[in-house]
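Q: Let me give you the structure first, and then I'll get to my questions.
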Amino acid sequence: MNTVLVGAQWGDEGKGKVIDFLTEEADVVVRFQGGSNAGHTVVVGDKKYVLHLVPSGVLHDGKHCVIGNGVVMDPFDLMKELEQVESWGFELKGRFHISERAHMVMQWHRAIDKAEEAARPEGHKIGTTGRGIGPAYAAKVGRYGMRVGDILKPDFLDLVRAQVAEANRALAALGAQPLDPEEMVKLYTPMVKALMPYVTDTIQFLHENLDEKKSILFEGAQATMLDIDFGTYPFVTSSNPTAGGACTGSGVPPRAIDRVIGVLKLYTTRVGEGPFPTELFDEDGETLRKRGGEFGATTGRPRRCGWFDAVVARYAQRVNGVDFWAMTKLDVLDTFPVVKICTGYRRDDGFVYQTFPADLAVLKRCTPVYEELPGWQCETSHITDYSELPENTKKYVNRILDLVGGKLGVLSVGPARETTLRINI
Ligand code: GDP
Ligand code: IMO
Ligand code: MG
Numbered sequence: 001m002n003t004v005l006v007g008a009q010w011g012d013e014g015k016g017k018v019i020d021f022l023t024e025e026a027d028v029v030v031r032f033q034g035g036s037n038a039g040h041t042v043v044v045g046d047k048k049y050v051l052h053l054v055p056s057g058v059l060h061d062g063k064h065c066v067i068g069n070g071v072v073m074d075p076f077d078l079m080k081e082l083e084q085v086e087s088w089g090f091e092l093k094g095r096f097h098i099s100e101r102a103h104m105v106m107q108w109h110r111a112i113d114k115a116e117e118a119a120r121p122e123g124h125k126i127g128t129t130g131r132g133i134g135p136a137y138a139a140k141v142g143r144y145g146m147r148v149g150d151i152l153k154p155d156f157l158d159l160v161r162a163q164v165a166e167a168n169r170a171l172a173a174l175g176a177q178p179l180d181p182e183e184m185v186k187l188y189t190p191m192v193k194a195l196m197p198y199v200t201d202t203i204q205f206l207h208e209n210l211d212e213k214k215s216i217l218f219e220g221a222q223a224t225m226l227d228i229d230f231g232t233y234p235f236v237t238s239s240n241p242t243a244g245g246a247c248t249g250s251g252v253p254p255r256a257i258d259r260v261i262g263v264l265k266l267y268t269t270r271v272g273e274g275p276f277p278t279e280l281f282d283e284d285g286e287t288l289r290k291r292g293g294e295f296g297a298t299t300g301r302p303r304r305c306g307w308f309d310a311v312v313a314r315y316a317q318r319v320n321g322v323d324f325w326a327m328t329k330l331d332v333l334d335t336f337p338v339v340k341i342c343t344g345y346r347r348d349d350g351f352v353y354q355t356f357p358a359d360l361a362v363l364k365r366c367t368p369v370y371e372e373l374p375g376w377q378c379e380t381s382h383i384t385d386y387s388e389l390p391e392n393t394k395k396y397v398n399r400i401l402d403l404v405g406g407k408l409g410v411l412s413v414g415p416a417r418e419t420t421l422r423i424n425i
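For the sequence shown, the residue numbers in this note's numbering are 1 to 425.
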């Protein structure tokens, strides 16, 4: 069974937790896009693990973890993270693989990311994570990127010098400090040795696993509404976090995918800039942020919070072909007397959108249409079986399923590994 798992909203839906849950029955876990902009949290017992580049499956000894060709990988972030994973007591030898086709995020990409963000006028800032993601993908599609396999080449350090010279021109145009090419050479020299043991032809590796009927789990980072094609462009990330990205980002063909699982937080959050129709600026928003612990796992920024948006979820269901939902953070809604679901966006002239408009100027003219449901006002985090849920909780979940399509597969009622209900999968 090969499964693609994607975020259905604006990220931080709880993908890390669900991946950890599903890794139990997988042999290989693959990251296929994004980079260290991701922050995936897994809570086991009283320990909290946050992963940025390494697949969340790494917390299960013996499972293989792959960084696919679609990822942009900062070798320094990766090395730091690998050390951390080992310090947590997990063995990596022989089970961690990086595609030689993956692109690298270099120091100058990070510098350009920050300089570009600083140069954007108010209202145009994206609120990037500053991890160099945009410039690294720009280099990739511009065909001047640096691939992991390049570190094996004898002229790698000359390539570094040439790229720094080029990047310095861009930095100068942005009014930012240049980088010293020789310092960069010094920085990257030891990295080559450290990275080398992990560099693999991951396409060959994954196909061997497919041939042996092993189970592959694809771990999406970011989410549908941050997708470069389907998201709220230009307030997006620079990759395809949607289901199709799993194929282009790994070399596994579409026919090999058996199911798609969408992770859906039972309210909405967004971190960074950009449109967010159901955003709350009142006490309810504050309650969601506090109860949900809604602070970025990568940057620590407070996340913007709002009611559940069925327009977004329906759109995500279509774009990804979601078979099953993993619904998360139900417990965060436990105290609300009333819970709201956005079913459409009403334009100032009365027209109601049921699909997500491409034009952000249109969104600015819209207000959400809400359906109100009674809350359940009791604790749900101890519940271990769907049948034990309060009637009003079931009504809320079923109304969402009616509106967005797809089946319920997993329901998460707390951050810890044990607080996960398996429903239909
Ligand atoms: P990801 O980026 O999609 O992996 O999500 P993050 O890890 O950035 O953010 C999700 C946060 O919610 C983390 O702090 C998780 O520990 C936490 N979390 C996940 N599922 C649940 C849940 O069902 N209830 C609660 N209260 N917290 C959860
Ligand atoms: P996970 O995998 C939430 C947001 C940033 C910014 C925009 C572009 O943990 O769900 P980038 O650095 O990618 O160029 O920033 O995308 N963003 C995320 N928001 N969760 C993430 O990852 C994100 N990764 C990027 O805040 O608005
Ligand atoms: Mg996150």
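Think of the CB as a built atom: it goes at the ideal place given N, C-alpha and C, for glycine as much as any other residue.
(1) Check Trp10 in the structure and name its three-state DSSP category.
(2) Could you check what DSSP says for Leu411 in three-state terms: helix, strand or coil?
(3) Start and end of the alpha helix (DSSP H) containing Lys290?
(4) With burial defined as no fewer than 16 other Cβ atoms inside 10 Å of the residue's Cβ, what is the status of Leu59: buried or exposed?
(5) Does the distance from the CB of Ala313 to the CB of Gly409 come in under 8 Å?
(6) Among the candidates Ala26, Gly11, Gly45, Glu91, whose CA atom is the shortest distance from the CA of Pro415?
(7) Does DSSP classify Phe21 as helix, strand or coil?
(8) Would you mind working out which of Lys265, Asn37, Arg120 sits nearest Gly292, comparing C-alpha positions?
(9) Given that a residue counts as buried once 16 or more other Cβ atoms are within 10 Å of its Cβ, and exposed if not, what is Trp10?
(10) Among Gly130, Leu363, Thr328, which has the Cα closest to the Cα of Glu279?
(11) Okay, do the segment 182–192 and the segment 157–167 touch, 3+ Cβ pairs below 8 Å being the bar?
(12) Verify whether the separation of the beta carbon atoms of Leu206 and Ser250 is less than 8 Å.
(13) According to the neighbour-count rule (16 or more other Cβ atoms, all chains shown, within 10 Å of its Cβ), is Met196 buried or exposed?
(14) Express the C-alpha separation of Lys214 and Thr419 in angstroms, rounding to a whole number.
(15) What is the rounded straight-line gap between the Cα of Gly344 and the Cα of Tyr188?
(16) Buried or exposed for Leu333, please, with buried defined as at least 16 other CB atoms from any protein chain shown within 10 angstroms of its CB.
(17) Could you tell me which residues DSSP pairs with Cys342 in its beta bridges?
(18) If we define contact as Cβ-Cβ less than 8 Å, is Thr3 a contact residue for chain D?
A: Inspection of the coordinates gives the following:
(1) The sequence position of residue 10 within the sequence shown is 10, counting from 1. In this structure, Trp10 counts as coil in the three-state DSSP scheme.
(2) The residue labelled residue 411 in the question sits at position 411 within the sequence shown. Of the three classes helix, strand and coil, the one that applies to Leu411 here is strand, per DSSP.
(3) Taking the sequence shown and counting its residues from 1, one reaches residue 290 at position 290. Note, Lys290: alpha helix (DSSP H), 283–292.
(4) As a working mapping, residue 59 is identified with position 59 in the sequence shown. Buried, since its Cβ has 16 or more Cβ neighbours within 10 Å.
(5) Walking along the sequence shown from the start, residue 313 turns up at place 313. Walking along the sequence shown from the start, residue 409 turns up at place 409. Not closer than 8 Å, so no.
(6) As a working mapping, residue 415 is identified with position 415 in the sequence shown. Among Ala26, Gly11, Gly45, Glu91, the Cα nearest to that of Pro415 is on Gly45.
(7) Along the sequence shown, one-based indexing puts residue 21 at 21. Looking at Phe21 - three-state DSSP - the assignment turns out to be helix.
(8) Counting from 1 along the sequence shown, the entry for residue 292 is found at position 292. Closest option to Gly292, Cα to Cα, is Lys265.
(9) As a first step, residue 10 is located in the sequence shown; it is residue number 10 there, counting from the start. Buried is the call here.
(10) What you label residue 279 is simply residue 279 of the sequence shown in a count that begins at 1. Of Gly130, Leu363, Thr328, the residue nearest in Cα terms is Leu363.
(11) yes
(12) Your numbering for residue 206 matches position 206 in the sequence shown. Your numbering for residue 250 matches position 250 in the sequence shown. A contact, by the Cβ cut-off of 8 Å.
(13) One-based indexing of the sequence shown puts residue 196 at position 196. Met196 should be labelled exposed.
(14) Mapped onto the sequence shown, residue 419 falls at position 419. Mapped onto the sequence shown, residue 214 falls at position 214. Going from the Cα of Thr419 to the Cα of Lys214 covers about 27 Å.
(15) The residue labelled residue 344 in the question sits at position 344 within the sequence shown. The residue labelled residue 188 in the question sits at position 188 within the sequence shown. Going from the Cα of Gly344 to the Cα of Tyr188 covers about 51 Å.
(16) Counting from 1 along the sequence shown, the entry for residue 333 is found at position 333. The residue in question, Leu333, is buried, as its Cβ has 16 or more Cβ neighbours within 10 Å.
(17) Sequence index remark: in the sequence shown, residue 342 carries index 342 (1-based). Per DSSP, Asp309, Tyr370.
(18) Absent from the structure is chain D; it holds one protein chain and no more.
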